[in-house]
Amino acid sequence: MKIPASLKKAALVLVLFLLPAQAAADPLLFNQMGIVTPKISKPAPDFKLKNIRGGVTQLSDFKGKIVLINFWATWCGACVEEMASMQNLYGNLKEQGVEIVAISIDRWNEDRIMEYADKNKLTFHILRDPDQTVRKKYYVMGLPTSYLIDGEGKIRGYASGARTWDSSASKNALLSLKGNGSVAELATEKLTMRVDPSLPQN
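According to the working numbering, the sequence shown is numbered sequentially starting from 4.
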């Protein structure tokens with residue numbers, strides 16, 4: 004259906020005015036989860052760490068995706084408690100552009116971490132930071148600590164302590180960081196859906 008140019012322009016301006024925060028994080032959801040949102044979103048420090056499944060993984064590899072960075076250790080009880088919910092979250096949102104990067108600060112050998120991952124059927128990215136270089140970059144004081152990174156590589160929130168990551172609030176909070184195109188594209192799409200087919204066409 005072809006939309007009259009004048010109507011399209013007028014409605015687009017209106018929708019642009021009404022939808023300035025389509026791709027912004029939802030502060031209510033973040034507060035509900037106890038996630039702290041920085042006043043100014045700064046770029047997340049990049050890093051390059053060994054992946055327990057082989058090769059090296061870099062944060063910039065996930066450009067354009069929402070990333071949950073989780074600092075943990077096999078000896079951390081609270082970390083272990085939230086791993087199952089993180090796996091459920093990953094299974095549900097992976098196809099929607101959400102990645103999970105769990106950074107282990109364990110100092111012992113990689114086999115122990117691999118054994119833990121296999122036993123708990125963890126399929127998200129698990130990296131090693133035995134020297135705790137990346138932990139220091141992110142000023143992690145306790146475990147677990149998580150950071151939410153948007154598609155532009157900026158820190159949009161962080162949380163200390165375990166969370167139920169597969170809850171509806173958690174899923175919606177992560178997806179609120181995902182921009183589905185520019186505001187103009189969103190407005191045009193919404194306009195196309197709402198135009199009355201009985202209106203005269205050009």
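Built from N, CA and C at the ideal position, the CB exists for glycine as well.
Pair within 8 Å by beta-carbon distance, residue i and residue j
| i | j | result |
| --- | --- | --- |
| residue 104 | residue 128 | yes |
| residue 47 | residue 157 | yes |
| residue 108 | residue 74 | yes |
| residue 125 | residue 90 | yes |
| residue 2 | residue 137 | Any question about residue 2 goes unanswered here, given that the chain covers just 4 to 205. |
| residue 67 | residue 145 | no |
Outcome for residue i when other beta-carbon atoms lying within 10 angstroms are tallied against a minimum of 16
| i | result |
| --- | --- |
| residue 31 | exposed |
| residue 81 | exposed |
| residue 118 | exposed |
| residue 173 | buried |
| residue 121 | exposed |
| residue 160 | buried |
| residue 150 | buried |
| residue 36 | buried |
| residue 142 | exposed |
| residue 214 | Nothing about residue 214 can be read from this structure; the chain reaches only from 4 to 205. |
| residue 179 | buried |
DSSP-derived helix/strand/coil call for residue i
| i | result |
| --- | --- |
| residue 142 | coil |
| residue 173 | helix |
| residue 110 | coil |
| residue 180 | coil |
| residue 41 | coil |
| residue 148 | strand |
| residue 125 | coil |
| residue 157 | strand |
| residue 96 | helix |
| residue 46 | strand |
| residue 136 | helix |
Cβ-Cβ separation, residue j to residue i (assumed contact under 8 Å), whole Å
| i | j | result |
| --- | --- | --- |
| residue 52 | residue 110 | Wrong, their Cβ atoms sit about 14 Å apart, outside the cutoff. |
| residue 88 | residue 169 | 4 Å |
| residue 54 | residue 86 | Between residue 86 and residue 54 the Cβ distance is about 17 Å, and since that is not below 8 Å, they are no contact. |
| residue 140 | residue 50 | 7 Å |
| residue 165 | residue 147 | 6 Å |
| residue 38 | residue 162 | 5 Å |
Bridge partners - residue i, DSSP secondary structure assignment
| i | result |
| --- | --- |
| residue 53 | 59, 131 |
| residue 83 | In the DSSP output, where bridge partners are listed per residue, residue 83 has none listed. |
| residue 162 | 149 |
| residue 73 | 105, 149 |
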